[in-house]
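> Handing you this structure, nothing more for now.
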Amino acid sequence: MSLATRNASPTDTKTRGAGATVEFRSVVKDFPGHRALDGVDLTLQPGEFVALLGPSGCGKTTALRVLGGLEDATSGSILIDGSDVSGLPANKRDIGMVFQSYSLFPHLTVLSNVEFGLRMRKVERDERRTRALAALEMVGLSEHASRYAHQLSGGQQQRVALSRALVTEPRVLLLDEPLSALDARVRVQLRDEIRRIQIDLGITTLFVTHDQEEALAVADRVAVMRSGTIEQIGAPEELYTRAKTSFVAEFVGLSNRLDGVIDTPGFVAVEGVTLPLIDQSAPTGAVSAYVRPEDVVFSSEGISAEVVSSSFLGSFRRTTVRLASGALVRVQHGATAPLAIGDRVFLSFTGAPVAVKAADAS
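In this note's numbering, the protein residues as written are 411 to 772.
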């Protein structure tokens, strides 16, 4: 189905499924003196939106570039709908790409920029114009078709880049940090638009970002990468509430790192309170426990603490307190309960399962 005939709402599942199955099979990518990907295995289902999340240098952009044919894998395979495309050039993989830099042709109008890929595919003039206008309509820019890149805002230019990637109706869409050059408000608006369009078209999408909020907000699943491998993959809620490793607990969201001891399998003692473990197989001994700020609450009794700071963050406050042990703990609580520096308070834990790391681990 062409872009010009897609009129379904984002919740209409009849338009879904147009995307392809994408598989990374034991993909390794070596650069001189550095292994960027170390045996990556990952499968994207048709129409699925998967985000690769991780710090700089973790391999997420390399993974995207290998899938797009911009880098050759050292070993392993890339499959699209079961066919190995590892040996195909980028222009033979039926993939659309949007990057951080808009890369629009300054001498072409918006419409001509969007038409460019269709022109390279020898699509007839009338058809490519119809499809390009439909793609611009989809991102709300049809009235800007005759303008040039320098006449558009950054957000509008990125919308043009998105419509140019989608107008060829690719089976897979790759997004490499496409929002990082935009200001905060435009970034939120555009990420929501990208997700709406992706759902509407049912296109399989791989989204690379270092921004955890973006990844958690739009992806069906998030793969957290570290040192060329996938540390954990799962639904956003799963990653946040059931982090399997200390790295994921520290990287995704905020966590309080507190000294603890595992004496009983499946449980850790923290500040005199016993909490369940996410990883029930964690060995006994001294550990660092990772407790989310929303899993610490103020109470009438419990762990004594002193308020160090309190920040108003709109719908909630985040208050930092110092325990008798000297540990600093962040508490996320209602915005209508301000606290003054030096106030004495008591804390308790909600009892949510926590991730741990051996105390002597780096």
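Just so you know, even glycine gets a beta-carbon here, dropped at the ideal spot from N, CA and C.
How about Val678 and Ile672: are their beta carbons less than 8 Å apart?
A contact, by the Cβ cut-off of 8 Å.
> In angstroms with no decimal places, state the Cα-to-Cα distance between Asp621 and Ser552.
Each residue's Cα considered, the two are about 30 Å apart.
> Of the residues Thr674, Leu616, Arg702, Pro693, which one's Cα is nearest the Cα of Ala653?
Per the Cα distances, Arg702.
> To the nearest angstrom, report how far apart Ala556 and Ser436 are at their CA atoms.
What sits at residue 556 in the sequence shown is Ser, not Ala. Going from the Cα of Ser556 to the Cα of Ser436 covers about 46 Å.
> What residue from Pro580, Leu572, Val582 has the CA that sits closest to Arg379's CA?
Residue 379 is absent from the model: the chain starts at 411 and stops at 772.
> Am I right that Met635 and Gly761 are in contact with their C-beta atoms under 8 Å? What's the rounded C-beta distance?
Going by Cβ atoms, the distance from Met635 to Gly761 rounds to 31 Å, so no, they are not a contact pair.
> Apart from the five residues just before and just after Gly752, which ones in its own chain have a Cβ nearer than 8 Å to its Cβ?
Hits under 8 Å: Glu716, Val717.
> Can you find the residues in the same chain that come closer than 7 Å, C-beta to C-beta, to Gly527, ignoring five residues on each side of it along the sequence?
Closer than 7 Å at the Cβ level, and outside the excluded window around Gly527, lie Arg574, Val577, Thr578.
> Using a Cβ-Cβ cut-off of 8 Å (strictly less than) and excluding sequence neighbours within five positions of Ser735, which residues of its own chain qualify?
Hits under 8 Å: Asp669, Glu681.
> When DSSP labels each residue in this structure, what does Val570 get in the three-state scheme?
In this structure, Val570 counts as helix in the three-state DSSP scheme.
> Among the residues of its own chain, which have a CB less than 8 Å from the CB of Ser419, if the five just before and after it don't count?
Caution applies to Ser419, whose pLDDT of 35 falls short of 50 and renders its modelled position unreliable; the value that the coordinates give is listed next. These residues qualify, in order along the chain: Asp610.
> Kindly list the residues whose CB is nearer than 7 Å to the CB of Ala430, restricted to its own chain and excluding five residues on each side of it in sequence; keep chain order.
Taken in chain order, the residues that qualify are Pro456, Ile490, Asp491, Arg581, Val582, Thr614.
> Taking Cβ to Cβ, would you say Gly790 is nearer than 8 Å to Ala446?
Since the first residue shown for the chain is 411 and the last is 772, residue 790 is missing from the structure and cannot be characterised.
> What does the Cβ neighbour count give for Met530, buried or exposed, with the cut at 16 atoms within 10 Å?
Result: exposed.
> Is it buried or exposed, Pro646, if we count other Cβ atoms within 10 angstroms and call 16 or more buried?
By the neighbour-count rule (16 or more Cβ atoms within 10 Å), Pro646 is buried.
> Kindly indicate which three-state DSSP category Ile613 falls into: helix, strand or coil?
Three-state result, Ile613: coil.
> Can you tell me whether DSSP reads Ser496 as helix, strand or coil?
It is coil, neither helix nor strand.
> Quick check: what's the CA-CA separation for Gln690 versus Gly676?
Approximately 4 Å between the Cα atoms of the pair.
> Just how far apart, CA to CA, sit Ala545 and Leu521?
Approximately 10 Å, taken between the alpha carbons.
> Indicate whether the contact test is met: 3 or more Cβ pairs, each with one atom in the segment 740–760 and one in the segment 725–732, closer than 8 Å.
Yes, they touch.
> Just how far apart, CA to CA, sit Ala473 and Pro442?
Whole-angstrom Cα-Cα distance: 17 Å.
> Starting from the N-terminal side, write out each stretch of the beta strand (DSSP E) that is 3 residues or longer and does not extend beyond the segment 591–654.
As far as the segment 591–654 is concerned, its whole beta strand (DSSP E) runs of at least 3 residues are 614–619, 631–636, 639–644.
> Figure out for me which residue from Ala629, Ser513, Lys767 has the closest Cα to the Cα of Tyr700.
Answer by Cα proximity: Lys767.
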